[in-house]
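S.K.: In UniProt numbering, the protein residues as written are 1 to 195. Every residue gets a Cβ at the ideal spot worked out from N, C-alpha and C, and that includes glycine. Treat the numbers as computed from the prediction; the structure is a model and nothing was measured.
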Amino acid sequence: MAIEGPNGVGKTTATTLLAARLRERHDTPVHQTTEPSDTPLGRLLRSSEAVLTGRALALAIAADRYAHIENEIKPRLDAGCHVISDRYVQSSLVLQRIDGLALDEIWGYNAYVLAPTITFYLEDDPRVIRGRLETRRKLSRLERAGSPERELMLYGEARDFLRGRGWTQEVIDCTGMTPEQVVAAILDRLDTDAT
Ligand SMILES: Nc1ncnc2c1ncn2[C@@H]1O[C@H](COP(=O)(O)OP(=O)(O)O)[C@@H](O)[C@H]1O
Ligand SMILES: Cc1cn([C@H]2C[C@H](O)[C@@H](COP(=O)(O)OP(=O)(O)O)O2)c(=O)[nH]c1=O
């Protein structure tokens with residue numbers, strides 16, 4: 001499954017907590033991962049954002065994603081793990097648009113990825129998200145170029161786009177929720193699907 005949403009909404013917090021709660025509940029192993037991937041290529045991308053922009057970044061991010069799927073996600077799924085990714089294709093459908101690309105072009109680079117069983121989109125009041133970003137010491141180039149309002153809007157468009165392609169998606173309205181409550185809402189939805 002994938003956890004998505006604007007910078008600062010709480011993706012990493014929720015992904016980590018969700019992995020912990022799933023580990024407590026199930027015998028099935030849980031693998032927590034992130035994009036860009038935790039590999040030399042992923043780390044290179046994170047440190048190159050000033051010089052890697054637009055189409056070059058979109059292609060490099062897509063290459064990292066395909067390698068992530070082949071080398072990490074698929075083998076874990078084949079071994080029977082639950083895999084939770086903090087960011088996935090939808091991040092490209094939002095961030096690469098902020099970087100000047102059209103949705104169709106970005107999708108063209110990502111069209112062969114493995115569709116998640118479900119994607120959770122975290123949303124919150126943009127003022128709350130902005131308040132959190134202001135406490136970060138250093139914002140990335142794309143964090144500075146975008147805004148919580150714009151990212152929320154573009155995530156909505158990404159969702160419409162993927163709905164047309166049959167992807168299973170769920171919005172979690174995190175307004176006023178603690179991380180535990182956010183994860184409880186995700187687990188509720190997973191339990192509903194399981195019954
Ligand atoms: N539900 C929440 N309520 C209050 N603060 C939160 C919540 N979720 C995350 N945070 C805090 O907000 C900040 C950004 O969270 P993070 O998980 O890093 O966001 P993201 O991965 O989406 O950029 C962190 O300081 C985190 O502790
Ligand atoms: C996953 C993904 C990341 N990125 C970029 C945005 C950021 O500059 C960088 C790192 O992502 P980000 O999640 O913001 O990093 P961190 O975990 O350090 O907060 O990768 C894209 O441009 N497109 C993508 O699809």
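1. Just reading off the beta strand (DSSP E) that isoleucine 172 is part of, what are its end residues?
2. Assuming alanine 194 is part of the alpha helix (DSSP H), what are its boundary residues?
3. Would you say proline 36 touches ligand 2, meaning its beta carbon is less than 7 Å from a heavy atom?
4. Does tyrosine 112 pass the burial test, meaning 16 or more other C-beta atoms within 10 Å, or should it be called exposed?
5. With DSSP as the reference, please indicate the residues paired to glutamine 32 in a beta bridge.
6. Taking isoleucine 3 as part of the beta strand (DSSP E), name the residues at either end of that continuous run.
7. Alpha carbons only, please: which of Thr28, Ile61, Gly54, Gln32 is nearest the one belonging to leucine 44?
8. Would you please state the rounded distance, in angstroms, between the beta carbons of proline 179 and glycine 10? I believe it to be under 8 Å.
9. So, leucine 152 versus histidine 82, is the Cβ gap smaller than 8 Å?
10. Judging by CA-CA distance, which residue of Glu4, Thr16, Glu24, Leu41 is the nearest neighbour of glutamine 32?
11. Quick check for students: name the residue ranges of the alpha helix (DSSP H) that lie wholly in the UniProt domain "Thymidylate kinase-like" (3–141), counting only runs of 4 or more.
12. For ligand 2, is there a heavy atom less than 7 Å away from the beta-carbon of leucine 45?
13. Are the region 137–145 and the region 179–195 touching by the rule of at least three beta carbon pairs closer than 8 Å?
14. Would you identify the three-state DSSP class for glycine 166, choosing helix, strand or coil?
15. Buried or exposed: proline 36, going by 16 or more other Cβ atoms within 10 Å of its Cβ?
16. Would you kindly check if the distance between the Cβ of tyrosine 109 and the Cβ of glutamate 4 is under 8 Å?
17. For glycine 146, does the three-state DSSP call read helix, strand or coil?
18. According to the neighbour-count rule (16 or more other Cβ atoms, all chains shown, within 10 Å of its Cβ), is leucine 59 buried or exposed?
19. Using a 10 Å radius around the Cβ and a threshold of 16 neighbouring Cβ atoms, would you call arginine 163 buried or exposed?
M.R.: Looking at the coordinates:
1. Residues 169–173.
2. That run of the alpha helix (DSSP H) goes 179–194.
3. The answer is yes for proline 36.
4. Tyrosine 112 comes out exposed.
5. The bridge partners DSSP lists for glutamine 32 are Ile84.
6. Unbroken beta strand (DSSP E) run through isoleucine 3: 2–4.
7. For leucine 44, the closest C-alpha among the options Thr28, Ile61, Gly54, Gln32 is that of Ile61.
8. Yes, they are in contact, since the Cβ atoms of proline 179 and glycine 10 sit about 6 Å apart, within 8 Å.
9. Taking C-beta atoms as the reference points, leucine 152 and histidine 82 fail to come closer than 8 Å.
10. Checking every option, the nearest Cα to that of glutamine 32 belongs to Thr16.
11. Listed in chain order, the complete alpha helix (DSSP H) runs (minimum 4 residues) inside the UniProt domain "Thymidylate kinase-like" (3–141) are 11–25, 40–47, 54–68, 74–78, 89–98, 103–110, 126–134.
12. At least one heavy atom of ligand 2 is nearer than 7 Å to the Cβ of leucine 45, so yes.
13. Counting Cβ pairs under 8 Å, fewer than three are found: no touch.
14. Collapsing the DSSP output to three states places glycine 166 in coil.
15. By the neighbour-count rule (16 or more Cβ atoms within 10 Å), proline 36 is buried.
16. Taking 8 Å as the Cβ cut-off, glutamate 4 and tyrosine 109 do not qualify as a contacting pair.
17. Glycine 146 falls in the coil class under three-state DSSP.
18. Exposed, by the Cβ-count rule.
19. Arginine 163 is exposed by the Cβ-count criterion.
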